[in-house]
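K.L.:
Handing you a structure now.
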Amino acid sequence: MRDVCPNRKAASSYPRSAVALLYLARMSMDAGDLEKAGEHLKTAVARDPESAIAHRELGVYYLTRAQRSHRLPAGEIESNADLVEADRYLALSMSLDSRDRSSTGYRACALAELGATAEAERLRAAAGPGAWQSCDGFSRPK
Numbered sequence: 195m196r197d198v199c200p201n202r203k204a205a206s207s208y209p210r211s212a213v214a215l216l217y218l219a220r221m222s223m224d225a226g227d228l229e230k231a232g233e234h235l236k237t238a239v240a241r242d243p244e245s246a247i248a249h250r251e252l253g254v255y256y257l258t259r260a261q262r263s264h265r266l267p268a269g270e271i272e273s274n275a276d277l278v279e280a281d282r283y284l285a286l287s288m289s290l291d292s293r294d295r296s297s298t299g300y301r302a303c304a305l306a307e308l309g310a311t312a313e314a315e316r317l318r319a320a321a322g323p324g325a326w327q328s329c330d331g332f333s334r335p336k
């Protein structure tokens, strides 16, 4: 049977490259398979630990998991752990590429949800407008 996904073949053909894995992660996210996306992103970071994009996307993955788990009964503990991981990977991404507004904006979201509102506001202002602003509606009870 022929593999209809060239990114899957590229991911195995180039074991040191994270690029194909980033595409596979995006396709998995778009298909609603968050866990498979996470697997691809963790492997991408392991393959290319200097990739700001891989770290940012893994941070966004954890932020998305936090948002989803918070909606579940007893999901707050898992949500907080995911927010800590989101902050960790987004901070790493920012250290690798300080000009990446997306990492800055999404990190502001994670920090706001963790209660670090002053730092979150500073980062949100530095990031400016962008897709990360949609997380403003995700307000967690304190």
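Numbering (our numbering), first residue to last: 195 to 336. The beta-carbon is built from N, C-alpha and C at its ideal position, and this holds for glycine as well.
#1: Closer than 6 Å: is that where the CB of residue 294 sits relative to any heavy atom of the ligand FMN?
#2: Go to residue 327, then tell me how far its alpha helix (DSSP H) extends in each direction, as first and last residue.
#3: Express the C-alpha separation of residue 217 and residue 316 in angstroms, rounding to a whole number.
#4: Counting only the same chain and skipping the five closest in sequence on each side, list residues whose C-beta sits under 6 Å from that of residue 219.
#5: Report the rounded CA-to-CA distance for residue 196 versus residue 221, giving the unit in angstroms.
#6: How would you call residue 293, buried or exposed, if buried means at least 16 neighbouring beta carbons within 10 angstroms?
#7: Taking the alpha-carbon of residue 320 as reference, which of 307, 288, 253, 328 has the nearest alpha-carbon?
#8: Closest to residue 227 by CA distance: which of 262, 213, 307 is it?
P.N.:
So, to answer that:
#1: Judged by which ligands are present, the structure shown has none, so any question about the ligand FMN falls away.
#2: Working through the sequence shown from its first residue, we reach residue 327 at position 133. Where residue 327 is concerned, there is no enclosing alpha helix (DSSP H), given that its DSSP letter is neither H nor E.
#3: Here residue 316 is taken as the residue at index 122 of the sequence shown, counted from 1. Here residue 217 is taken as the residue at index 23 of the sequence shown, counted from 1. Cα to Cα, the separation comes out at about 31 Å.
#4: Position 25 of the sequence shown holds residue 219. Once the five neighbours on either side are set aside, the close Cβ partners of residue 219 are 231, 234, 235.
#5: If you number the sequence shown from 1, residue 196 lands on position 2. If you number the sequence shown from 1, residue 221 lands on position 27. Only weak support is given to the placement of residue 196: the predicted model assigns it a pLDDT of 43, under 50, and the value that follows is read from those uncertain coordinates. Taking the straight line from one Cα to the other gives about 19 Å.
#6: Within the sequence shown, residue 293 is the residue found at index 99, counting from 1. With fewer than 16 Cβ atoms within 10 Å of its Cβ, residue 293 is classed as exposed.
#7: Mapped onto the sequence shown, residue 320 falls at position 126. In terms of Cα proximity to residue 320, the closest of 307, 288, 253, 328 is 288.
#8: Here residue 227 refers to the residue found at position 33 of the sequence shown. Residue 262 is the option with its Cα nearest to residue 227.
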